[in-house]
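Engineer:
Numbering (our numbering), first residue to last: 494 to 789.
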């Protein structure tokens with residue numbers, strides 16, 4: 494069976510304009526914040542065309558340079574957008590969960606993108622064909638506004654991730670990554686290997702192993718057989734860098750449209766706890782391996 498046929502066979506089409514679910518345990522489309530923010534007239538036009546689309550862990554939605562045929566609205570899954578180098582090395586530039594949509598280049602006019610979209614946490618999504626998305630954009634209505642506001646939040650995340658990867662320790666990057674992933678999931682457990690996390694962050698696996706070990710010794714997380722469970726989120730938030738707050742604040746301000754449009758309070762500065770400074774963060778001051786195999 495071809496990949497396309499296999500995807501079609503496991504894909505359930507959703508019918509009805511508003512809240513009726515497809516057969517089985519199909520999630521409500523309004524679990525996606527962008528779809529939930531749409532006014533009734535837009536829902537009446539597009540909800541009957543939403544297609545329930547499963548996103549198993551590791552599935553690639555598109556490769557670099559692919560022409561996009563759909564946009565995807567995750568409900569309980571997370572998709573990583575990565576850039577892949579010529580030598581095969583990759584690094585995550587952003588994550589998309591139930592707050593957003595995968596495939597912004599389709600409605601921004603590009604049609605394709607140099608990034609790669611891979612499912613980081615398996616679950617469900619709904620997708621819309623490119624033709625319908627473009628038709629709605631031509632109306633210059635609410636869908637256009639919702640998508641553009643989200644795109645601004647996504648750009649902020651990409652820019653802040655680049656800064657974080659350059660200037661912050663692996664400990665801080667791991668904390669940020671865990672928090673951003675948890676914000677997009679209903680529970681406190683991630684199914685993720687350390688090797689995959691290292692690929693996402695663009696660092697060596699040994700660096701992630703050491704950072705995760707420090708978090709375990711602090712009682713912040715447990716890690717066993719590919720399952721990471723966060724036990725102490727408040728401490729995790731204290732251990733991360735300011736990048737997490739910057740991205741969260743901007744996302745909360747812009748998404749969803751019509752619910753959180755007021756300015757958020759200023760981000761308070763906070764001092765990094767000494768427990769982290771005694772780990773990999775000391776490399777910033779004393780010199781050492783930054784986890785990428787480089788001396789700093």
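All C-beta atoms, glycine included, are put in the ideal place defined by N, C-alpha and C. Model, not experiment: these values are computed from the prediction.
Kindly indicate which residue of 521, 555 and 557 has the alpha-carbon position closest to the one of residue 544.
Structural biologist: It is 521.
Engineer: Give the DSSP-derived three-state secondary structure of residue 735 in the structure shown.
Structural biologist: Reduced to three states, the DSSP call for residue 735 is helix.
Engineer: So, at 7 angstroms on beta carbons, what are the nonlocal neighbours of residue 681 in its own chain, with the 5 sequence-adjacent residues on each side left out?
Structural biologist: Result list for residue 681: 675, 722 and 723, in chain order.
Engineer: Under 8 angstroms, do residue 623 and residue 561 count as touching if we go by C-beta distance?
Structural biologist: Going by C-beta atoms, residue 623 is nearer than 8 angstroms to residue 561.
Engineer: Might you give, ordered along the chain, the residues of its own chain that have their beta carbon closer than 7 angstroms to the beta carbon of residue 647, omitting 5 neighbours on each side?
Structural biologist: Around residue 647: 587, 593 and 597.
Engineer: For a test of the three-state rule: what should DSSP assign to residue 752, helix, strand or coil?
Structural biologist: With a pLDDT of 46 at residue 752, under the threshold of 50, the modelled position of that residue is not reliable, and the figure given next carries that caveat. Three-state DSSP puts residue 752 in coil, outside helix and strand.
Engineer: The alpha helix (DSSP H) that contains residue 626, what's its start and end?
Structural biologist: Per DSSP, residue 626 belongs to the alpha helix (DSSP H) from 623 to 631.
Engineer: Please determine if the region 573 to 589 and the region 600 to 620 are in contact, where contact requires at least 3 C-beta pairs separated by less than 8 angstroms.
Structural biologist: The region 573 to 589 is in contact with the region 600 to 620.
Engineer: Since residue 747 and residue 643 are thought to touch, with beta carbons under 8 angstroms apart, how far apart are those beta carbons, to the nearest angstrom?
Structural biologist: Contact flag correct, Cβ pair sits at about 7 angstroms.
Engineer: For residue 753 and residue 745, what's the separation of their Cα atoms in angstroms?
Structural biologist: The predicted position of residue 753 is uncertain, since its pLDDT is 38 and thus under 50; no value can be drawn from it.
Engineer: Going by alpha carbons, who is nearest to residue 657 out of 736, 556 and 740?
Structural biologist: Closest option to residue 657, Cα to Cα, is 736.
Engineer: Rank 580, 539 and 526 by C-alpha distance to the C-alpha of residue 625 and give the top, closest one.
Structural biologist: Comparing Cα-Cα distances from residue 625 to each of 580, 539 and 526, the minimum goes to 539.
Engineer: Among the candidates 595, 664 and 583, whose CA atom is the shortest distance from the CA of residue 730?
Structural biologist: For the residues 595, 664 and 583, the minimum Cα distance to residue 730 belongs to 664.
Engineer: Starting from the C-beta of residue 604, find all residues in its chain whose C-beta is less than 7 angstroms away, skip the five residues before and the five after it, and write them out in chain order.
Structural biologist: Around residue 604: 560, 561 and 598.
Engineer: DSSP has residue 574 in a bridge; who is on the other side?
Structural biologist: Per DSSP, 587 and 610.
Engineer: Checking 8 angstroms against the spacing of the C-beta atoms, do residue 679 and residue 530 come in under that value?
Structural biologist: Contact: no.
Engineer: Could you give the distance in angstroms between the alpha-carbon of residue 515 and the alpha-carbon of residue 533?
Structural biologist: Unreliable placement is indicated for residue 515, whose pLDDT of 39 sits below 50; no coordinate value is reported for it.
Engineer: Identify, in the order they occur along the chain, each residue of the same chain with its Cβ nearer than 6 angstroms to the Cβ of residue 630, setting aside the five sequence neighbours on each side.
Structural biologist: Cβ within range, chain order: 600 and 637.
Engineer: By DSSP, does residue 683 sit in helix, in strand, or in coil?
Structural biologist: Strand at residue 683.
Engineer: Within 10 angstroms of its Cβ, does residue 616 collect 16 or more other Cβ (buried), or is it exposed?
Structural biologist: Looking at its Cβ environment, which holds 16 or more other Cβ atoms inside 10 Å, residue 616 is buried.
Engineer: On the DSSP letters alone, give me the boundaries of the beta strand (DSSP E) that residue 544 sits inside.
Structural biologist: 544 to 548 is the span of the beta strand (DSSP E), which, as asked, contains residue 544.
Engineer: Assuming residue 693 contacts residue 585 (C-beta within less than 8 angstroms), just tell me the rounded distance between them.
Structural biologist: Confirmed, Cβ separation roughly 4 angstroms.
Engineer: Looking at the secondary structure, which residues open and close the beta strand (DSSP E) in which residue 656 lies?
Structural biologist: No beta strand (DSSP E) contains residue 656, which is instead part of the alpha helix (DSSP H) from 635 to 660.
Engineer: Helix or strand or just coil, what does DSSP make of residue 531?
Structural biologist: Residue 531 falls in the coil class under three-state DSSP.
Engineer: Rounded to whole angstroms, what is the Cα-Cα separation between residue 649 and residue 742?
Structural biologist: Those two C-alpha atoms are separated by around 10 angstroms.
Engineer: Keeping to the same chain, check which residues put their C-beta closer than 8 angstroms to that of residue 569; ignore five residues upstream and five downstream.
Structural biologist: If we look at residue 569 and ignore the five residues flanking it on each side, its Cβ neighbours are 520, 524, 591, 616, 617, 678 and 679.
Engineer: Quick test of your reading: residue 716 and residue 704, contact by CB under 8 angstroms. State the CB separation rounded to the nearest angstrom.
Structural biologist: Residue 716 to residue 704, Cβ: 11 angstroms. No contact.
Engineer: Across which residues does DSSP place residue 617 in a beta bridge pair?
Structural biologist: BP columns for residue 617 point to 547.
Engineer: Sort 579, 628, 552 and 740 by Cα distance to residue 542 and report the nearest one.
Structural biologist: The shortest Cα separation from residue 542 among 579, 628, 552 and 740 belongs to 628.
Engineer: Which stretch, first to last residue, makes up the alpha helix (DSSP H) that contains residue 707?
Structural biologist: Run containing residue 707: 698 to 710, per the alpha helix (DSSP H) assignment.
Engineer: Using a Cβ-Cβ cut-off of 6 angstroms (strictly less than) and excluding sequence neighbours within five positions of residue 708, which residues of its own chain qualify?
Structural biologist: Once the five neighbours on either side are set aside, the close Cβ partners of residue 708 are 714.
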